[in-house]
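Trainee: Per our numbering, the sequence shown runs over residues 11 to 398.
By construction, the Cβ of each residue, glycine as well, lies at the ideal position given by its N, Cα and C atoms.
All values derive from a computational prediction rather than experimental measurement.
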Amino acid sequence: GDAVDPDVLSYSLVIHAWLRGCRGGGGVGMSRGGGNRTANSGRNRGDQSSDRKHQIYFTDDDRIKRALKIVKKMEAWARKTQLQQWNGKGMNDDLSNDDEDDSYSDEFLEGYDSGENDDENEDGTVIDNDKDDEESQEFGMHDQPARVQSTSFQLRQHNKSRDLDVEVYNAVLLAWAKEGRGDHSASVMRLLDKMESLADELGMPSVLPNKRSYNTALDIISKAASNAETPLADYYENDNNVGNRDGGSVTKNGGQTTDFRPLYAGRAAESILGKMLDRGMRPDAYTFASVLNTYQRIPNGRLDAALAADAVVRGMESLHLHGRIDQPPDVFHYTMVCACWSRSGEQGVAGERCSEILRHMHERDKAGYPRVRPNIRTYNAVIDAHAY
11 GDAVDPDVLS
21 YSLVIHAWLR
31 GCRGGGGVGM
41 SRGGGNRTAN
51 SGRNRGDQSS
61 DRKHQIYFTD
71 DDRIKRALKI
81 VKKMEAWARK
91 TQLQQWNGKG
101 MNDDLSNDDE
111 DDSYSDEFLE
121 GYDSGENDDE
131 NEDGTVIDND
141 KDDEESQEFG
151 MHDQPARVQS
161 TSFQLRQHNK
171 SRDLDVEVYN
181 AVLLAWAKEG
191 RGDHSASVMR
201 LLDKMESLAD
211 ELGMPSVLPN
221 KRSYNTALDI
231 ISKAASNAET
241 PLADYYENDN
251 NVGNRDGGSV
261 TKNGGQTTDF
271 RPLYAGRAAE
281 SILGKMLDRG
291 MRPDAYTFAS
301 VLNTYQRIPN
311 GRLDAALAAD
321 AVVRGMESLH
331 LHGRIDQPPD
341 VFHYTMVCAC
351 WSRSGEQGVA
361 GERCSEILRH
371 MHERDKAGYP
381 RVRPNIRTYN
391 AVIDAHAY
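Laid out in structure tokens, this is it:
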């Protein structure tokens with residue numbers, strides 16, 4: 011029949027089809043021929059041997075990489091379509107002149123036998139070189155108004171066949187969270203940056219990260235925070251050109267240099283929390299717990315992590331007091347802060363601060379705050395902090 015150009019919905023369906031097969035833990039997904047490894051149990055050996063020649067299995071990482079290739083094509087289609095609308099051109103111009111934007115059908119037929127990853131990092135992500143280079147805003151306790159878009163930006167109605175949809179990108183984030191083997195923290199930050207830049211570039215509020223996007227990203231970052239080597243170092247030092255502002259090396263002992271690891275995971279988590287507050291969202295208890303869990307999991311507990319976690323809980327109290335969030339800190343938040351102090355290695359200071367937190371929890375419990383009474387884990391963390 012006549013050639014038909016795909017639209018955003020077409021690309022979205024293919025992306026979801028790839029990601030739907032992710033099974034978690036890096037497991038093997040469904041094959042090209044459909045079914046799984048037990049699908050042929052009722053057939054004879056000859057049929058099974060013949061079918062195996064046509065079955066190709068994909069890991070979760072394979073599926074995510076292929077989905078990201080389609081995301082790149084979808085974004086290119088959206089850019090060209092928007093340009094055509096702005097220039098007053100028709101919608102049916104040929105979009106296949108760019109080698110990177112060849113039709114999906116060609117890649118779909120050839121991709122099974124190809125291991126190529128065009129313009130991708132080792133983790134399968136595609137770096138958007140046009141993304142905003144401004145430094146991610148740090149989480150702060152000031153009352154900053156939510157970002158206000160133009161009237162046309164706010165009132166623009168979402169068109170599923172034309173506008174990029176945040177849920178497509180959420181599917182990628184959820185696949186990374188489910189995959190569970192690699193450290194996708196930097197990929198997550200780049201994807202969030204891309205979503206924001208695309209919303210501004212194309213005037214599509216439908217692609218802006220939502221609360222689900224941010225909470226999923228925080229979950230991925232907190233789980234990866236325990237890795238000694240983090241790709242977030244490259245994200246902050248190279249992508250955003252901020253050098254070693256958050257860490258690097260210090261000079262001690264007569265000019266000898268001692269390296270230490272910046273709190274990149276904590277910085278990423280707090281920048282996401284700050285974006286949520288800036289956009290007028292109301293982070294919940296789970297959101298703050300993810301940020302605290304990030305600091306708790308950073309290897310070789312440090313004073314910086316304990317101080318940062320302490321500041322997050324105090325900020326949570328302030329935000330609740332001023333009506334910007336619905337839930338105050340509970341026993342789990344305070345216990346995680348005590349755990350960070352117990353791992354800080356600060357003899358005397360850690361125990362003293364944990365005792366103060368314990369007294370503060372009792373005071374808030376008497377004042378009627380819910381779910382703030384210390385439990386056995388809280389007391390164990392306080393004891394551990396005093397055990398130096």
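Tell me whether the beta-carbon of residue 77 lies closer than 8 Å to the beta-carbon of residue 25.
Mentor: It is a contact, given that the beta carbons lie within the stated cut-off.
Trainee: Between which two residues does the alpha helix (DSSP H) containing residue 298 stretch?
Mentor: Taken as a continuous stretch (DSSP letters only), the alpha helix (DSSP H) holding residue 298 covers 295-307.
Trainee: Should residue 302 be labelled buried (16 or more other beta-carbon atoms within 10 Å of its own) or exposed?
Mentor: Residue 302 is buried by the Cβ-count criterion.
Trainee: Whole angstroms is fine: what's the gap from residue 244's alpha carbon to residue 390's?
Mentor: Cα to Cα, residue 244 sits roughly 37 Å from residue 390.
Trainee: Out of curiosity, what's the CA-to-CA distance linking residue 221 and residue 364?
Mentor: One C-alpha to the other measures close to 32 Å.
Trainee: Could you give the C-beta distance for residue 236 and residue 309, rounded to a whole number, given that I count them as a contact under 8 Å?
Mentor: Contact holds; Cβ gap of about 6 Å.
Trainee: Out of 223, 348, 200, which one is the CA nearest neighbour of residue 175?
Mentor: Looking at the Cα atoms, 223 is the closest of the given residues.
Trainee: What are the boundary residues of the alpha helix (DSSP H) that residue 220 is part of?
Mentor: No alpha helix (DSSP H) holds residue 220; DSSP gives it neither H nor E.
Trainee: Residues in its own chain within less than 6 Å of residue 316 by CB, not counting five upstream and five downstream?
Mentor: Counting only Cβ-Cβ distances below 6 Å, and skipping sequence neighbours, we find 350, 351, 354.
Trainee: Since residue 276 is in the alpha helix (DSSP H), which residue starts that stretch and which ends it?
Mentor: Element bounds for residue 276: 274-288.
Trainee: Compare the C-alpha of residue 326 against each of 289, 280, 17 and name the closest.
Mentor: Looking at the Cα atoms, 280 is the closest of the given residues.
Trainee: Which residue wins for smallest C-alpha separation from residue 341, given the options 359, 295, 312, 307?
Mentor: Looking at the Cα atoms, 295 is the closest of the given residues.
Trainee: Considering only the beta carbon of each residue, do residue 334 and residue 232 sit closer than 8 Å?
Mentor: Taking 8 Å as the Cβ cut-off, residue 334 and residue 232 do not qualify as a contacting pair.
Trainee: For residue 69, name the three-state secondary structure that DSSP assigns.
Mentor: In this structure, residue 69 counts as strand in the three-state DSSP scheme.
Trainee: DSSP three-state label for residue 345, please.
Mentor: Here residue 345 sits in helix by DSSP.
Trainee: Can you look up residue 404 in the DSSP assignment and give me helix, strand or coil?
Mentor: Beyond the ends of the chain as shown, which are 11 and 398, falls residue 404; an answer cannot be given.
Trainee: State the Cα-Cα distance for the pair residue 20 and residue 71, rounded to the nearest angstrom.
Mentor: In a straight line, the C-alpha of residue 20 is about 22 Å away from that of residue 71.
Trainee: Just verifying my parser: in three-state terms, what is the DSSP assignment at residue 173?
Mentor: In this structure, residue 173 counts as coil in the three-state DSSP scheme.
Trainee: For a test of the three-state rule: what should DSSP assign to residue 322, helix, strand or coil?
Mentor: If DSSP states are grouped into helix, strand and coil, residue 322 belongs with the helices.
Trainee: Would residue 80 be called buried (16 or more neighbouring beta carbons within 10 Å of its own) or exposed?
Mentor: Result: buried.
Trainee: Pop quiz: residue 198 and residue 74 are said to be a contact at Cβ under 8 Å. What is the actual Cβ separation, rounded to whole angstroms?
Mentor: In fact, because the Cβ distance is near 12 Å, the residues do not count as touching under 8 Å.
Trainee: Using a Cβ-Cβ cut-off of 8 Å (strictly less than) and excluding sequence neighbours within five positions of residue 34, which residues of its own chain qualify?
Mentor: 70, 188, 189, 190, listed in sequence order.
Trainee: With a cut-off of 8 Å on the beta carbons, I'd call residue 219 and residue 202 a contact; round off their distance for me.
Mentor: Between residue 202 and residue 219 the Cβ distance is about 5 Å, and since that is below 8 Å, they are a contact.
Trainee: In this structure, does DSSP put residue 32 in helix, strand or coil?
Mentor: Of the three classes helix, strand and coil, the one that applies to residue 32 here is coil, per DSSP.
Trainee: Since residue 234 contacts residue 275 with CB under 8 Å, what's their CB separation in whole angstroms?
Mentor: About 7 Å separates the two Cβ atoms, so the contact holds.
Trainee: Could you tell me whether the Cβ atoms of residue 359 and residue 172 are closer together than 8 Å?
Mentor: No, they are not a contact pair.
Trainee: If you draw a straight line from the alpha carbon of residue 287 to that of residue 329, how long is it in whole angstroms?
Mentor: Rounded to the nearest angstrom, the two C-alpha atoms are 10 Å apart.
Trainee: Does DSSP put residue 337 in a helix, in a strand, or in coil?
Mentor: Correct three-state label for residue 337: coil.
Trainee: Compute the Euclidean distance between the alpha carbons of residue 392 and residue 304, then round it to the nearest angstrom.
Mentor: Computed Cα separation, rounded: 19 Å.
Trainee: Below 8 Å CB to CB, which residues in the same chain sit around residue 107 once its five sequence neighbours on both sides are set aside?
Mentor: Residue placement at residue 107 is poorly supported in this model, since its pLDDT is 44, which falls under 50; the coordinates still yield a value, given next. Hits under 8 Å: none found.
Trainee: Nearest CA to the CA of residue 246: which residue from 214, 273, 338?
Mentor: It is 273 whose Cα lies nearest to the Cα of residue 246.
Trainee: Rounding to the nearest angstrom, what Cα-Cα distance links residue 205 and residue 83 in this structure?
Mentor: The alpha-carbon atoms of residue 205 and residue 83 are separated by roughly 15 Å.
Trainee: The alpha helix (DSSP H) spanning residue 389 covers which residue range?
Mentor: Where residue 389 is concerned, the enclosing alpha helix (DSSP H) stretches over 386-395.
Trainee: Going by DSSP, what residue range makes up the alpha helix (DSSP H) through residue 205?
Mentor: From DSSP, the alpha helix (DSSP H) with residue 205 extends over 195-212.
Trainee: Do we get a CB-CB distance below 8 Å when we pair residue 319 with the residues of chain C?
Mentor: In the structure shown, chain C cannot be found, because there is only a single protein chain.
Trainee: In its own chain, which residues sit with a C-beta less than 7 Å from the C-beta of residue 348, not counting the 5 before and 5 after it?
Mentor: Counting only Cβ-Cβ distances below 7 Å, and skipping sequence neighbours, we find 364, 367, 388, 391, 392, 395.
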